[in-house]
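The structure under discussion appears below in the form of structure tokens.
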Amino acid sequence: MDAFHKLALATCQANLEADGEPSAFRPSPAPERSGGLTGRQVRQRYGAHPASWFADLDGYTIPLHMAAMPGGRRLPLLKSMLTTACERNCLYCGFRAGCDPQRVTFQPEELARLFLGLHQRGVAHGLFLSSGILGCGVRAQDGLIDAAEILRHRLHFRGYLHLKIMPGAERDQVARAMQLADRVSINLEAPSAGHLRRLAPRKDFDDELLAGLRWAEEIRQSRPPQSAWRGRWPSTTTQFVVGPAGESDLDLLTLTSRLMSRLGLARAYFESFSPHLGTPLEGVRPEDPLRAHRLYQASFLLRDYGFDLEELAFNPQGGLPRHIDPKLAYARSALAESPVEVNRAPRQQLVRVPGIGPRTAEALLAARRQQALRSLDQLHRLGVIAERAAPYITLDGHAPRRQLPLPGVEPTT
Ligand code: SF4
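Going by this note's numbering, the first residue of the sequence shown is number 23, and it counts up by one from there.
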């Protein structure tokens, strides 16, 4: 099998594994076999996704993920696995032992050189590298680190590199991966050991997964960052498989909030469960993608807007409302009777108003130093979604004058 054929299999199939980068190539809601897809199949199935991108290489179609970078840039990222062989038995995964996808394995140098060639041709700007587990997590992590070492030190690759920390990797390996990567991720998959047992019976929540996140933060706090390749430690992310373990939104957000505040977690990814044929969960219904969307919105409120978990609305089962975004739900219960005075409120109150984000709040603070803000037009010019904010604000003590929204039309931000 030639190199691009292997890469086509490792990249298409990499999108079937939960991997800590939002995928442009989410499997369709219908169960599917996890074997390699032809280029035409890849395009038919995923071509409409806004973050999808493809490279045609010697007749093989390589899917690329247009990753959102800090500052809003988008980079074509190659998501590949070093090997798609795995001896673990995660119930949701098409690579689990006993499944029959077409498996491929790269040597670290083979994959590093292949990726660098794509990078030099301008096809892929960055690499997300993961792996199945053969032998043990330590061995799989060694392979990822070898590939990263070759890229950084022998091939002098200076671009974006995201390395997965494998379940069971050792502390020194986490430190080495952090010296080489721009981001590392450790997928918890579930919000507790009990939930994880329903998804991945051979993964140990505390010793294999949570320990890695703890080590990453200890390394950031205790070692000078000069030994990291950019002179600063990489951020850490995690991912949850949402749905089949029966976890609630409150379970997921409680852990996410704790990890952000205590272990410096930069971001949690919420992957709506979608079943694969040939896995024990093939008959389980797919999770509603709107659930993951609400979880993302809520996690951004916790991370970027200073919300406390207690301020979010949950139903008695611990679920976020699906029909309304969590910030609007908060505003309806907390701000409808006590609107925020835009000319005097501190930043943390401004960002709680629907239609005002962190950047817009800064613009409001700067503008009101120059003059009082008295109209929705002024707010609109500063970036506020004025119709959305209007019910929850006052301008110089008065409810703003506004046009009635069209019936049935709800602003979306
Ligand atoms: S460790 Fe689990 S999720 Fe990862 S490739 Fe193996 S079976 Fe799939």
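Note that beta-carbon positions come from the ideal geometry of N, C-alpha and C, so glycine has one too.
Everything numeric in this text was worked out from a predicted model, so none of it was measured.
Closer than 8 Å to chain B by CB, residue i
i: Pro213; result: As a matter of chain content, chain B is missing from the structure shown, which is built from one protein chain.
Segment limits, beta strand (DSSP E) that includes residue i
i: Val264; result: 257-264
i: Leu231; result: Premise fails: Leu231 is in no beta strand (DSSP E) and is neither H nor E.
i: Gly148; result: 148-152
i: Leu183; result: 182-186
N- and C-terminal bounds of the alpha helix (DSSP H) containing residue i
i: His315; result: 311-326
i: Glu171; result: 159-171
i: Ala199; result: 193-202
i: Ser355; result: 348-356
i: Arg219; result: 215-219
Closest Cα partner of residue i within the set the options
i: Ala191; options: Arg220, Ala238, Pro348; result: Ala238
i: Met282; options: Asp330, Gln248, Ala314, Asp418; result: Asp330
i: His178; options: Pro213, Leu166, Trp251; result: Trp251
i: Cys112; options: Arg125, Leu149, His298; result: His298
i: Phe336; options: Val160, Tyr352, Glu384, Ala169; result: Tyr352
i: Gly379; options: Glu269, Thr83, Asp326; result: Asp326
i: Leu79; options: Ala169, Ile208, Leu136; result: Leu136
i: Phe295; options: Gly405, Cys115, Leu404; result: Cys115
i: Phe150; options: Ala358, Leu372, Leu173; result: Leu173
i: Gln248; options: Ile208, Thr276, Arg198; result: Arg198
i: Ser207; options: Leu386, Arg180, Trp255; result: Trp255
i: Asn209; options: His175, Cys121, Arg180, Phe292; result: Phe292
i: Arg313; options: Gly340, Glu332, Gly328, Pro302; result: Gly340
i: Gly305; options: Pro266, Asn365, Phe76, Asp271; result: Pro266
i: Leu317; options: Glu171, Val263, Gly300; result: Val263
i: Ala32; options: Ala89, Gly81, Thr105, Asp24; result: Thr105
i: Gln370; options: Val126, Leu387, Pro302; result: Leu387
i: Leu99; options: Cys121, Phe76, Cys108, Arg110; result: Phe76
i: Gln393; options: Leu133, Val364, Gly377, Tyr414; result: Val364
i: Glu171; options: Asp194, His141, Ala134; result: Ala134
i: Arg193; options: Leu417, Leu232, His175; result: Leu232
i: Pro189; options: His217, Leu166, Cys158, Ile167; result: Cys158
i: Ala119; options: Ser321, Glu109, Thr127; result: Glu109
i: Glu333; options: Ser257, Leu140, Thr276, Thr301; result: Thr276
i: Glu131; options: His175, Leu303, Pro123, Gln142; result: His175
i: Gln261; options: Ala290, Arg143, Gly234; result: Ala290
i: Thr258; options: Asp271, Lys186, Glu211, Ala320; result: Lys186
i: Arg391; options: Pro368, Ala30, Ala222; result: Pro368
i: Ile155; options: Gln142, Leu138, Val126; result: Val126
Under the three-state DSSP convention, the category residue i falls into
i: Ala408; result: helix
i: Thr278; result: helix
i: Lys28; result: helix
i: Lys225; result: coil
i: Ser249; result: helix
i: Glu332; result: helix
i: Ala52; result: Caution is warranted here: a pLDDT of 29 is assigned to Ala52, below 50, making its placement in the model unreliable, and no coordinate value can be reported.
i: Arg205; result: strand
i: Ile415; result: strand
i: Ser45; result: Bear in mind that a pLDDT of 40 at Ser45, under 50, signals an unreliable position, so the number given afterwards is only what the model happens to contain. In the structure shown, Ser45 sits in coil (DSSP, three-state: anything other than H, G, I, E or B).
i: Leu285; result: helix
i: His175; result: helix
i: Leu299; result: coil
i: Ser294; result: strand
i: Met23; result: coil
i: Glu239; result: helix
i: Ala421; result: coil
i: Thr33; result: helix
i: Ser360; result: coil
i: Gly305; result: coil
Notebook entry, point to check: Is the stretch 279-291 close to the stretch 236-256, with three or more CB pairs under 8 Å?
Noted result: yes
Notebook entry, point to check: Just checking, does the stretch 212-229 make contact with the stretch 197-204 on the three C-beta pairs under 8 Å criterion?
Noted result: no
Check: Does the count of Cβ pairs from the stretch 336-344 and the stretch 392-412 closer than 8 Å reach three?
Finding: no
Margin query: Quick check on the DSSP output: what are the complete alpha helix (DSSP H) runs of length 4 or more inside the stretch 362-406, in order along the chain?
Written below: 369-372, 380-392, 398-403
Note to self: Runs of 4 residues minimum, wholly inside the stretch 66-146: which ones carry the alpha helix (DSSP H) assignment?
What the structure shows: 130-142
Check: If we count Cβ pairs, one from each stretch, closer than 8 Å, do we get three or more for the stretch 403-418 versus the stretch 372-389?
Finding: yes
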